[in-house]
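Report on the structure given below.
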Amino acid sequence: MTPDLDLRLVRYFAVVAEHLNFARAAEELRVAQPSLSRQIQRLENALGVRLLERTPQGSRLTAAGAAFLPEAQGLLHRARNAVLTARDAAPARTITIGYVDDLVVTPVVRALRRRHPDAHVRTRHLDSKDADAVLDRRVDVLVTRTPLPIPAEELDLAALYAEPRVLLVTSSHRLAGKESVSAADIAAEPLVGCTGMGSDWTSFWRLEPRPDDEPAPLGPTVAETYDDKLEAIVEGTAIAVIPAHDRRFTLRPDLVTVPIDGIERCQVVVATRAADTNPLVSEFVQFAESLLSRES
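The number in the numbering used here is simply the position in the sequence shown, starting from 1, with 20 added.
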């Protein structure tokens with residue numbers, strides 16, 4: 021019996037096969053390397069063949085892997101074309117609104133639905149890592165924070181407001197209770213490492229580059245989720261820099277924030293595809309600028 025193939029696993033294999041290096045493939049896919057190895061093993065188990073062999077110099081394709089690769093690439097290409105064809109055929113009066121983390125889009129969604137009661141207005145909550153959902157047409161607009169974890173050349177960004185960054189520490193930390201701190205005050209403090217994010221994003225939240233050009237020290241925990249980050253901070257092994265208006269940490273009474281003086285703010289923006297002609301997209305941006313700005 022022919023197994024059902026998970027396209028996500030097929031894509032993972034194609035990227036590993038392109039680089040023949042799990043570390044570089046994991047960085048491109050924005051997943052942890054151990055997780056990527058497990059996913060490739062899942063694909064191999066489903067197929068019943070070995071696709072890759074690890075060597076001291078990296079990885080190499082087996083005979084089965086070399087035969088499977090062009091078919092996998094063709095499958096991914098056809099799947100992408102099928103998705104885009106279906107989405108392009110959707111009625112113009114359809115919009116999918118993406119938003120990440122703790123950001124709220126309810127006032128804009130409500131206003132858009134009142135203005136266009138016959139339109140299909142959908143929402144989709146995403147992770148910060150999923151900024152490419154706009155380019156992949158999974159969403160038509162995305163309310164998110166900068167810097168984006170992906171290149172933004174093909175996107176239009178409409179700024180809504182600037183948001184300070186603050187220090188997040190356990191309530192027993194030596195800096196808890198301070199009125200404010202500077203970047204120098206926390207230069208030696210280990211930060212929670214996060215997986216799957218671009219270098220611009222990572223540097224921004226680690227307050228890099230630093231005056232001595234040294235990278236920020238990292239704690240022993242690499243967080244794949246926001247809850248993992250909070251757990252590492254509560255344990256006292258690391259700290260984090262977060263947006264000031266992100267209140268998800270308040271579910272943990274053992275965490276507190278401290279303002280950080282003299283650092284650049286992040287921006288809350290609406291990201292859309294450049295030259296998108298869907299009129300609902302432009303209306304969403306207009307509503308967002310009036311309803312989501314902190315001044316409003």
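Positions of the beta carbon are idealized from the N, C-alpha and C atoms, including for glycine.
Check, Outcome
"Give the DSSP bridge partners of Ile280, in chain order.", "Val201"
"Between Asp247, Ile283, Ile60, Arg28, which has its C-alpha nearest Asp147's C-alpha?", "Asp247"
"Using a Cβ distance threshold of 8 Å, determine whether the region 263-276 contacts the region 134-151, with at least three qualifying pairs required.", "no"
"Check whether the Cβ atoms of Glu174 and Leu155 lie closer than 8 Å to each other.", "yes"
"Could you give the distance in angstroms between the alpha-carbon of Gln93 and the alpha-carbon of Ala34?", "7 Å"
"Taking all protein chains shown into account, decide if Gln59 is buried (16 or more other Cβ within 10 angstroms of its Cβ) or exposed.", "buried"
"Cβ atoms of Ala260 and Ile253: under 8 Å apart, would you say?", "yes"
"Roughly how many whole angstroms lie between the Cα atoms of Glu209 and Val242?", "15 Å"
"Is the number of C-beta pairs between the region 280-296 and the region 182-195 that are closer than 8 Å three or more?", "yes"
"What are the partner residues of Ile60, as DSSP defines its beta bridges?", "DSSP output for Ile60 lists no bridge partner at all."
"Rounding to the nearest angstrom, what Cα-Cα distance links Gly118 and Thr143 in this structure?", "6 Å"
"Measure how close the beta-carbons of Ala139 and Leu312 come, nearest whole angstrom, since I'm counting them as under 8 Å.", "No, Ala139 and Leu312 are not in contact; Cβ-Cβ is about 19 Å, not under 8 Å."
"Using the beta-carbon count (16 or more within 10 Å), is Pro76 buried or exposed?", "exposed"
"Mind checking whether Val374 and Thr292 have CB atoms under 8 Å apart?", "With the chain represented from 21 up to 316, any question about residue 374 goes unanswered, as that position is not in the structure."
"Is it buried or exposed, Arg226, if we count other Cβ atoms within 10 angstroms and call 16 or more buried?", "buried"
"Is the beta carbon of Leu27 closer than 8 Å to that of Leu71?", "no"
"Leu29 to Ser200, Cα distance in whole Å?", "46 Å"
"Any idea what DSSP makes of Ser192, helix, strand or coil?", "coil"
"Please check the pair Asp122 and Arg268, which I expect to be a contact at CB under 8 Å, by giving their CB distance rounded to whole angstroms.", "5 Å"
"Measure the C-alpha to C-alpha separation of Ser192 and Thr257 and round it to an integer number of angstroms.", "12 Å"
"Give me the residue from Pro54, Ala52, Arg165, Ala153 with the minimum Cα distance to Val103.", "Ala153"
"With distances taken from CA atoms, which of Arg113, His145, Ala109 is nearest Thr126?", "His145"
"If you draw a straight line from the C-alpha of Asp266 to the C-alpha of Thr114, how long is it?", "30 Å"
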